[in-house]
Each structure stands twice: as C-alpha cells, then as structure tokens.
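Here my numbering runs 6 ahead of the position in the sequence shown, where the first position is 1. For every residue, glycine included, the Cβ atom is placed at its ideal position computed from N, Cα and C.
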Amino acid sequence: MDMPTQEDQWDVLRPHITKLYYDESWPLKEVVQTIRNKYRFNATQRMYKYRLQKWGLDKKFKEKEVAQMALLKKQRDAAGKGSEFHIQGRPIQWDLAERYLHRRPDLQTKIRAGMITMGDPIPGIVCRTPSPDPVRHASPVLQYSDELLRLLKGYYETTFGLSSVLGTSSVNPGTDLSISMRCYRQLDQARIMIAAENMTFGFKLLNQSLDGLRYLVRTQDATLLFYLFDVALAFDQSHPELAFAVLRHVYDILLVTFGHGHPLAWLLRRLSHLKDEDRYDVSVTILEGVVGTFKQSGMDDRVFKRLNCHYFLLLDYLGLNGIRANASFPDIDLSSIDDSGVAYLARFADRLIVSEDLEEAEQKLTTVHSWVQDPLNQQHTSWPELQLSYYRGKLHISLTRGEWDESSEWLEKLIAHTDKYSLNNS
7 MDMPTQEDQW
17 DVLRPHITKL
27 YYDESWPLKE
37 VVQTIRNKYR
47 FNATQRMYKY
57 RLQKWGLDKK
67 FKEKEVAQMA
77 LLKKQRDAAG
87 KGSEFHIQGR
97 PIQWDLAERY
107 LHRRPDLQTK
117 IRAGMITMGD
127 PIPGIVCRTP
137 SPDPVRHASP
147 VLQYSDELLR
157 LLKGYYETTF
167 GLSSVLGTSS
177 VNPGTDLSIS
187 MRCYRQLDQA
197 RIMIAAENMT
207 FGFKLLNQSL
217 DGLRYLVRTQ
227 DATLLFYLFD
237 VALAFDQSHP
247 ELAFAVLRHV
257 YDILLVTFGH
267 GHPLAWLLRR
277 LSHLKDEDRY
287 DVSVTILEGV
297 VGTFKQSGMD
307 DRVFKRLNCH
317 YFLLLDYLGL
327 NGIRANASFP
337 DIDLSSIDDS
347 GVAYLARFAD
357 RLIVSEDLEE
367 AEQKLTTVHS
377 WVQDPLNQQH
387 TSWPELQLSY
397 YRGKLHISLT
407 RGEWDESSEW
417 LEKLIAHTDK
427 YSLNNS
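1) When the Cα atoms are used, what is the spatial distance from Leu371 to Phe47?
2) Quick one: any contact between the stretch 37-45 and the stretch 67-83, if contact means 3 or more CB pairs under 8 Å?
3) Return the chain-ordered list of same chain residues with a C-beta closer than 8 Å to the C-beta of Arg224, the five sequence neighbours on each side being excluded.
4) What number of angstroms, rounded off, separates the C-alpha of Leu154 from the C-alpha of Ile292?
5) Are Ser151 and Val288 closer than 8 Å when you measure CB to CB?
6) For Glu418, is the classification buried or exposed, using 16 other Cβ atoms within 10 angstroms of its Cβ as the cut-off for buried?
7) From the DSSP output, in three-state form, read off Ser266 for me.
8) Less than 8 Å between the beta carbons of Tyr427 and Pro381, yes or no?
9) From Leu405 to Ile200, what distance separates their C-alpha atoms?
10) Could you tell me the distance, in whole angstroms, from the CA atom of His386 to the CA atom of Tyr161?
11) Please classify Trp272 as buried or exposed, where buried requires at least 16 neighbouring CB atoms within 10 angstroms.
12) So what's His92 in DSSP terms, helix, strand or just coil?
13) Measure the CB-CB distance between Ala349 and Met187 and report whether it falls below 8 Å.
14) With distance defined between alpha-carbon atoms, name the residue in Leu78, Leu222, Leu248 nearest to Glu203.
15) Work out the CA separation of Gln379 and Leu219 for me, nearest whole Å.
16) Could you check whether Leu193 and Ala240 sit closer than 8 Å to each other, using their CB atoms as the reference points?
17) Quick check on this structure: which residue in Arg276, Ser361, Ala49 has the alpha carbon closest to the alpha carbon of Glu30?
18) Which full runs of the beta strand (DSSP E) of 3+ residues lie inside the stretch 70-132, going along the chain?
19) For Phe318, which residues does DSSP report across the bridge?
20) Take the Cβ of Pro111 as the centre, count every other Cβ of all protein chains shown within 10 Å, and call the residue buried at 16 or more, exposed below.
21) Comparing alpha-carbon positions, which option in Gln15, His268, Ser346, Arg357 lies nearest Arg156?
22) Given this structure, state the Cα-to-Cα distance separating His462 from Leu211, to the nearest angstrom.
23) With DSSP collapsed to three states, give me the class of Leu67.
24) Roughly how many angstroms lie between the CA atoms of Val132 and Pro246, to the nearest whole one?
25) Comparing alpha-carbon positions, which option in Thr135, Ile117, Leu58 lies nearest Ala85?
26) DSSP state of Phe47, grouped into three classes?
27) Assign Leu392 to one of two classes, buried (16 or more other C-beta atoms within 10 Å of its C-beta) or exposed (fewer than that).
28) Within a Cβ cutoff of 6 Å, which residues of the same chain sit near Ser278, ignoring the five residues on either side of it in sequence?
29) Mind checking whether Leu77 and Ile128 have CB atoms under 8 Å apart?
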C-alpha cells in the first residue's frame, strides 16, 4: 500500500531529501526516484517542487534574482565593497550565479547595456558585506579539525565511557571480531582488485565489505571511525568518482542509523567535500587526535593496541609513515597475542610484501602461522579468517618472488579453505 503524502511524512523525509537535492546536488528526478524506492514514499515532482520552495531549497535561480544580484555586485565592486548574498535566508555561492549568467549571454548583454535597472528590491534577496574572519582563507585542516575533534571526543566519551579524569574506560571489545576482520580484508582486496582494473571481482568484494560495515555501525565497534577513513581514502587518487559514490553510500548508512547531526555523519559529509590533499591532512589530524584521546583515557590495553595498529596501517596506505608515525609496526606482545593482534600482523605483512620487504613479511606470517596452528586458538570465530590471511600472505610472497609452483600450492590451499568455510560470500 502506498504511503500517503501527509505533513508528518514530509517532515520525516525532509533531511534525506535535503541531503540528496541540496547538499549533494542530485537532479530532482533522481531524488524523487530514490526516495520512492528507498522509503516507499510516492509523491510527484510537482509536489517536491512545492515542498522545496516552501523549505527555501529551490536551487534554480530566477532571471530577476540574478540580474539584481549582478547589478548590486557591480555597484559594490565599484565602491570597493565585498558582497555576500542570501536568498530566503540561504547563502548563495557567487560562482553559481556566474554560471547562470554564462548560460544566458542575452542577460549579460542587457545588464551591460543598461537595459535592466535595479528597480524595486526583490523580496528575499539580502546583500551584505562579509564579516571579517581571520581563518577564512585558512586550510580546511585548521577550519574543521578542532571542531571535529571536539565532536568526536564527545562521541567517544558518551558511547564508550572514556574519561581521562577517572582513568577508566568501558569500551567493549566484545563485538564479533571475525566480522570486522572480514570487513577489512574484503576492503583491502577490493582496493587491490580495482587498482588492477579487475572491476567485477573488485566491486563484489567492495559490496561485501560495505555489507559488513552495517554490523560495525549497528554495534558501534570501536574501530568504526578507522574503517570510515579506510573507505574515505581507499579510492581517492585512482578512481575519484568511485570514491565519492562510496562516501555517499556510507553516509546514507550512517544517516539512517544515527541521524543527520551525529558526529560520524558530520565527519563523513565534511570529508566528501574536501579536495584530496585536504582530505588526507584532515584525516591524519583527526586520527592522531582520536588515538591520543584513547591513549589518555586509560582504556583497555587490548583495544588501544588494536586501534593503534589500525592507525599505523591507515598512515601506511597514505604513504605517511615516514613522516607522521613510528618507523615500525606497533609492538605486540607475542607471548600473549590475541586474534586481534594476529589480524593486524597479517595486514601489516601484506603492506610489507607490497613494499617488497619480504623477509620482514615472512617473520610476521610465521607468528600468524604459530597462532593459527594452536588447537586452542582454532575455537575462535575469527580463526577461519586468520588462517585465510596466512594463506593469502604466503601466496602473495611466492607470486612476488616468481615461485610459480609454490604459488600454485598456496592458491590451492587458499581456494580449499575459502570453500570449506564459505568465506567468499560471507
């Protein structure tokens, strides 16, 4: 049965419509179709246009509005004044008005020829001198990082009970580690496959990883923030359109789960609007601040080490370890290593193989192998994933060395293990 288009339903869907139409500049036709498919909300484009106008979100300029703004700006430019425009209380980016004029050379000609004059003020248009802002031209790193860190600190203190004053933490590491491991493993593999232009398999892995993300979001896993940065930065340089599509998809998941004002949703929205280099700088600054917050909180040592390892790997993907992080992987006590530590050792071994430090990678994989061979450890739900990571590492090393016979043996083991534990589709 179709959902009736009542006032309360428009109010519920307003943030979703605003995000798609105004924040992300989707065409109205696509917004209508997406909302219909996702929320079973049937309304015509005409109804949407009425609502958008009522909410002050009509993006389309009217000729009279642009003409008046252009004339006002011309006068103020001559007087040496800056101009900041608002229509119905909504700030207007002047470059959008310039694009409109570029598409309307006839209107430009009329303005230059004096055929259009100021006339009576148009209701809703406000022009003012921009307020002085000492950080207006500063990097987005300076503009956003402090505010984001404050929001995220509040989020972690509220969600996990972190308190540097009390020196205690109630972070619960009890989420199913096998799911988060699989989530990260699939993202790592997707990154490799897509970089190698193997799109079919790469997108399959990426979709599986994003499915796992829903679990991390629902359980508010302590590493969720780090996964968000993984996703945000995974495809930036090689596939920017894919990067934006993935960011938008993840943002939708956060929006539905947490709401528009949640710190993580706000963070992802900010990241999606930054240039690549600024996104990297903001990400590193935020990560350093969050790791520092956890370190001061007296949180469970196991969880902190897990986050610190993830932090290191993220910086390594960004190529920043030589600048912003320690020169080596965070220390892990091999005598008491748990499944989380083994998972990160395996991921770090992958990075070492990529950088062709095969001897060091072999040492990490030896530790992984010792752990997975212990019968007591084979009772862990994460054991199949860790055994798989060992096979993948050995296969990767043998391929890098050109040892084709040995590669075939490791590939057979990997396929058999994958089939036995249904790791391809889980």
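Based on what the coordinates show:
1) Here the question's residue 371 lines up with position 365 in the sequence shown. Here the question's residue 47 lines up with position 41 in the sequence shown. Taking the straight line joining both Cα atoms gives about 52 Å.
2) no
3) For the purposes of this step, residue 224 is taken as the residue at position 218 of the sequence shown. The residues are Thr263.
4) Locating residue 154 in the sequence shown gives position 148, counting from the first residue. Locating residue 292 in the sequence shown gives position 286, counting from the first residue. Using only the alpha carbons, I get a separation of about 7 Å.
5) Here residue 151 corresponds to residue number 145 of the sequence shown, with the count starting at 1. Here residue 288 corresponds to residue number 282 of the sequence shown, with the count starting at 1. Yes, these two residues count as a Cβ contact at 8 Å.
6) By 1-based counting over the sequence shown, the position of residue 418 is 412. Flag for Glu418 reads exposed.
7) Indexing the sequence shown from 1 puts residue 266 at position 260. The sequence shown places His at residue 266, rather than the Ser named in the question. Three-state DSSP puts His266 in coil, outside helix and strand.
8) Against the sequence shown, residue 427 aligns to sequence position 421. Against the sequence shown, residue 381 aligns to sequence position 375. Not in contact: Tyr427 and Pro381 (Cβ atoms no closer than 8 Å).
9) The count along the sequence shown starts at 1 and reaches residue 405 at position 399. The count along the sequence shown starts at 1 and reaches residue 200 at position 194. Between Leu405 and Ile200, the C-alpha separation is close to 19 Å.
10) Translated into the one-based positions of the sequence shown, residue 386 becomes position 380. Translated into the one-based positions of the sequence shown, residue 161 becomes position 155. If I take the Cα positions, the gap works out to 31 Å.
11) By one-based count along the sequence shown, residue 272 stands at place 266. Its Cβ being crowded by 16 or more others within 10 Å, Trp272 is buried.
12) The count along the sequence shown starts at 1 and reaches residue 92 at position 86. It is a strand residue.
13) The residue given as residue 349 occupies position 343 in the sequence shown. The residue given as residue 187 occupies position 181 in the sequence shown. Yes; because the gap between Cβ atoms is below 8 Å, this pair is in contact.
14) Here residue 203 refers to the residue found at position 197 of the sequence shown. If we check each option's Cα against that of Glu203, Leu248 comes out closest.
15) In the sequence shown, the residue the question calls residue 219 occupies position 213. In the sequence shown, the residue the question calls residue 379 occupies position 373. For Leu219 and Gln379, the distance between alpha carbons rounds to 29 Å.
16) In the sequence shown, the residue the question calls residue 240 occupies position 234. In the sequence shown, the residue the question calls residue 193 occupies position 187. Their beta carbons are under 8 Å apart, which means Ala240 touches Leu193 by this criterion.
17) Position 24 of the sequence shown, counted from the first residue, corresponds to residue 30. Residue Arg276 is the option with its Cα nearest to Glu30.
18) 90-93, 96-98
19) Taking the sequence shown and counting its residues from 1, one reaches residue 318 at position 312. DSSP, once it has assigned bridges, lists no residue as partnering Phe318.
20) Your numbering for residue 111 matches position 105 in the sequence shown. It is exposed - the Cβ of Pro111 has fewer than 16 other Cβ atoms within 10 Å.
21) What you label residue 156 is simply residue 150 of the sequence shown in a count that begins at 1. Closest option to Arg156, Cα to Cα, is His268.
22) The shown model of the chain, from 7 to 432, leaves out residue 462, and the question about it has no answer.
23) Counting from one through the sequence shown, the residue named residue 67 turns up at place 61. Per the sequence shown, the amino acid found at residue 67 is Phe instead of Leu. DSSP places Phe67 in coil when its eight states are reduced to three.
24) Start at 1 with the first residue of the sequence shown, and residue 132 comes out as number 126. Start at 1 with the first residue of the sequence shown, and residue 246 comes out as number 240. Going from the Cα of Val132 to the Cα of Pro246 covers about 36 Å.
25) Locating residue 85 in the sequence shown gives position 79, counting from the first residue. The shortest C-alpha separation from Ala85 is found at Thr135.
26) Within the sequence shown, the letter at position 41 stands for residue 47. Three-state DSSP puts Phe47 in a strand.
27) In the sequence shown, the residue the question calls residue 392 occupies position 386. By the 10 Å Cβ count, Leu392 comes out buried.
28) Within the sequence shown, numbered from 1, the residue matching residue 278 stands at position 272. Here the set comprises Leu253.
29) Residue numbering aside, residue 77 sits at position 71 when the sequence shown is read from its first letter. Residue numbering aside, residue 128 sits at position 122 when the sequence shown is read from its first letter. No, these two residues do not count as a Cβ contact at 8 Å.
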